[in-house]
Amino acid sequence: MNWHAVSAIYRFEMARTFRTLGESIVSPVLTTSLYFVVFGAAIGARMGEVGGVSYGAFIIPGLIMLSLLNESISNAAFGIYMPKWAGTIFELLSAPVGWVEAVLGYVGAAATKSVVLGLLILLTARFFVDYEIAHPLAMALFLVLTAVSFSLFGFIIGLWATDFQKLQVIPLMVMTPLTFLGGAFYSIDMLPPVWQKIALLNPVVYLISGFRWSFFGQSDVDVVVSFAAIIGFLLLCLLAVRAIFLSGWRLKS
Numbered sequence: 001m002n003w004h005a006v007s008a009i010y011r012f013e014m015a016r017t018f019r020t021l022g023e024s025i026v027s028p029v030l031t032t033s034l035y036f037v038v039f040g041a042a043i044g045a046r047m048g049e050v051g052g053v054s055y056g057a058f059i060i061p062g063l064i065m066l067s068l069l070n071e072s073i074s075n076a077a078f079g080i081y082m083p084k085w086a087g088t089i090f091e092l093l094s095a096p097v098g099w100v101e102a103v104l105g106y107v108g109a110a111a112t113k114s115v116v117l118g119l120l121i122l123l124t125a126r127f128f129v130d131y132e133i134a135h136p137l138a139m140a141l142f143l144v145l146t147a148v149s150f151s152l153f154g155f156i157i158g159l160w161a162t163d164f165q166k167l168q169v170i171p172l173m174v175m176t177p178l179t180f181l182g183g184a185f186y187s188i189d190m191l192p193p194v195w196q197k198i199a200l201l202n203p204v205v206y207l208i209s210g211f212r213w214s215f216f217g218q219s220d221v222d223v224v225v226s227f228a229a230i231i232g233f234l235l236l237c238l239l240a241v242r243a244i245f246l247s248g249w250r251l252k253s
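Oh and the sequence shown: position 18 is 18 in full-length UniProt numbering, straight run, nothing missing.
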């Protein structure tokens with residue numbers, strides 16, 4: 001394992017984050033803050049509790065997950081696509097760097113950014129609503145697993161994409177609707193029985209439900225099922241990346 005290569009890729013990607021701090025960190029935090037103002041303070045003040053939790057606090061896990069999923073995918077996809085687009089990928093191809101080192105560097109950096117963003121949103125929420133975290137270790141584990149899993153997914157999208165439009169298809173057209181319909185702003189118990197069953201077909205329901213359990217000790221889905229879902233998705237993405245490179249793909253555009 002070439003750890004120098006992993007470190008070089010990781011540091012380069014993290015440096016890019018600090019060069020684009022406004023787009024990478026500040027913008028998602030401000031956008032999420034607007035959700036807290038509108039849904040947490042304005043609307044939440046006129047709504048009752050959900051499962052014994054104030055509405056403003058109830059939406060915190062969903063809002064963090066909304067940003068986490070989109071940013072994990074976008075960061076990883078953009079990170080590997082830009083060298084392909086700019087032609088600098090050949091510098092990586094000519095170096096003694098294997099696909100494992102490349103994945104660790106790019107995915108590790110994207111996941112780190114996403115975890116930092118999630119924690120910043122969590123801190124920002126404190127200015128708008130009061131909340132407690134019932135299971136902080138489970139929350140941290142779920143945050144890291146989700147960031148790594150969807151960064152891997154984003155890396156796969158970056159390998160697949162042939163233009164900038166394709167980079168945005170999955171985050172905007174797939175993940176955002178699934179997150180909004182996955183219980184980010186409501187409990188699926190509020191839905192009619194038929195729609196509750198349909199909602200369980202949405203994989204994001206399991207992510208938000210498990211993450212919400214770590215905050216409030218309650219969830220729409222058994223927390224064991226939620227952890228199994230995210231670990232299963234992580235393994236699936238790992239197998240997919242491995243299959244892509246073993247099939248002869250060589251980071252070329």
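The beta carbon of each residue, even a glycine, is placed where N, CA and C say it ideally should be.
Under 9 Å, do residue i and residue j count as touching if we go by C-beta distance?
{"i": "G105", "j": "E13", "result": "yes"}
{"i": "I73", "j": "G154", "result": "yes"}
{"i": "V152", "j": "L238", "result": "The sequence given here places Leu at residue 152; Val does not occur at that position. Yes, Cβ-Cβ distance for L152 and L238 is below 9 Å."}
{"i": "A240", "j": "I170", "result": "no"}
{"i": "F39", "j": "F185", "result": "yes"}
{"i": "E101", "j": "A5", "result": "yes"}
{"i": "T176", "j": "L66", "result": "yes"}
{"i": "D220", "j": "V205", "result": "yes"}
{"i": "N2", "j": "G98", "result": "yes"}
{"i": "S187", "j": "F58", "result": "yes"}
{"i": "N70", "j": "T179", "result": "yes"}
{"i": "A161", "j": "A77", "result": "yes"}
{"i": "G217", "j": "A134", "result": "yes"}
{"i": "S214", "j": "P96", "result": "no"}
{"i": "L122", "j": "I60", "result": "yes"}
{"i": "L200", "j": "Y81", "result": "no"}
{"i": "T32", "j": "I64", "result": "yes"}
Check residue i in the structure and name its three-state DSSP category.
{"i": "V205", "result": "helix"}
{"i": "V53", "result": "strand"}
{"i": "D220", "result": "coil"}
{"i": "V129", "result": "coil"}
{"i": "P171", "result": "helix"}
{"i": "S72", "result": "helix"}
{"i": "K252", "result": "Its pLDDT being 47, under 50, K252 is placed unreliably in this model, and the value from its coordinates should be taken loosely. It is coil, neither helix nor strand."}
{"i": "I188", "result": "helix"}
{"i": "V97", "result": "coil"}
{"i": "S226", "result": "helix"}
{"i": "F211", "result": "helix"}
{"i": "residue 254", "result": "The first residue shown for the chain is 1 and the last is 253, placing residue 254 beyond what the model contains."}
{"i": "G183", "result": "coil"}
{"i": "I80", "result": "helix"}
{"i": "I121", "result": "helix"}
{"i": "I60", "result": "helix"}
For residue i, which residues in the same chain have their Cβ closer than 8 Å to its Cβ, ignoring the five residues on either side in sequence?
{"i": "L234", "result": "L145, V148, S149, L152"}
{"i": "I244", "result": "I156, L159"}
{"i": "I25", "result": "T17, K113, V116, L117, L120"}
Hey, residue i and residue j are a contact pair by Cβ (cut 8 Å); roughly how many whole angstroms apart?
{"i": "A109", "j": "G62", "result": "About 26 Å separates the two Cβ atoms, so there is no contact after all."}
{"i": "F36", "j": "A138", "result": "Contact flag wrong, Cβ pair sits at about 23 Å."}
Hey, quick one: how far does the alpha helix (DSSP H) through residue i stretch, first residue to last?
{"i": "R11", "result": "3 to 19"}
{"i": "I198", "result": "193 to 199"}
{"i": "S149", "result": "136 to 160"}
{"i": "F180", "result": "176 to 180"}
{"i": "V37", "result": "Where V37 is concerned, there is no enclosing alpha helix (DSSP H), given that its DSSP letter is neither H nor E."}
Skipping 5 residues on each side, what residues in its chain have a beta carbon closer than 6 Å to that of residue i?
{"i": "S226", "result": "Y206, S209, G210"}
{"i": "S253", "result": "Reliability of the predicted coordinates at S253 is poor, the pLDDT of 41 falling under 50, and the value obtained from them is presented with this limitation in mind. Around S253: K84."}
Checking contacts by CB at 9 Å: is residue i closer than that to chain C?
{"i": "I60", "result": "No chain C appears in the structure shown, which is made up of a single protein chain."}
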